[in-house]
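In full-length UniProt numbering, the protein residues as written are 1 to 124.
Set out below in structure tokens:
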């Protein structure tokens, strides 16, 4: 009986062991957006599509290991959203412009933009 109780206790606390950083810090903060330097994995001053997706995969894996919930992943910008001129690579200015635009769009979603309201604030 004691052995069964020990096993149940161990199994019930295993999920907590996987998230010590999150529990130690209380409520997890929103992760910061990916930096240009983080995405430019070879350090040549531009981000290719392969570099972008590799950096994103590493970042998601790290966040998952830290216990973060993977909410809003579907709203994260795609490479095409960053490659504003469509040349297949993203420079620092393009990256900043795309991130700024994404932040603005996310703010509008939080404020109710695009959810049944027109630009004047009335219902559409």
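Don't be surprised by glycine CBs; every beta carbon is placed ideally from N, CA and C.
Item: Best match in 36, 43 and 79 for proximity to residue 50 [C-alpha to C-alpha]; Value: 79
Item: 8 Å Cβ shell around residue 88 - same chain, five flanking residues per side excluded; Value: 48 and 49
Item: Residue of 52, 53 and 36 minimising C-alpha distance to residue 130; Value: There is no way to answer for residue 130, as the model of the chain reaches only from 1 to 124.
Item: Enclosing alpha helix (DSSP H) for residue 82 [first to last residue]; Value: 79-82
Item: Residue 57 beta carbon less than 7 Å from that of residue 39; Value: no
Item: Residue 89, DSSP secondary structure in three states; Value: strand
Item: Inter-residue Cα distance where the pair is residue 67 and residue 61; Value: 10 Å
Item: Close Cβ partners of residue 91 (< 6 Å) along its chain, the five nearest in sequence each way excluded; Value: 46
Item: Closest Cα partner of residue 83 within the set 106, 74 and 98; Value: 98
Item: Inter-residue CB distance, residue 81 and residue 102 (contact presumed, cutoff 8 Å); Value: 7 Å
Item: Extent of the continuous alpha helix (DSSP H) to which residue 61 belongs; Value: 49-65
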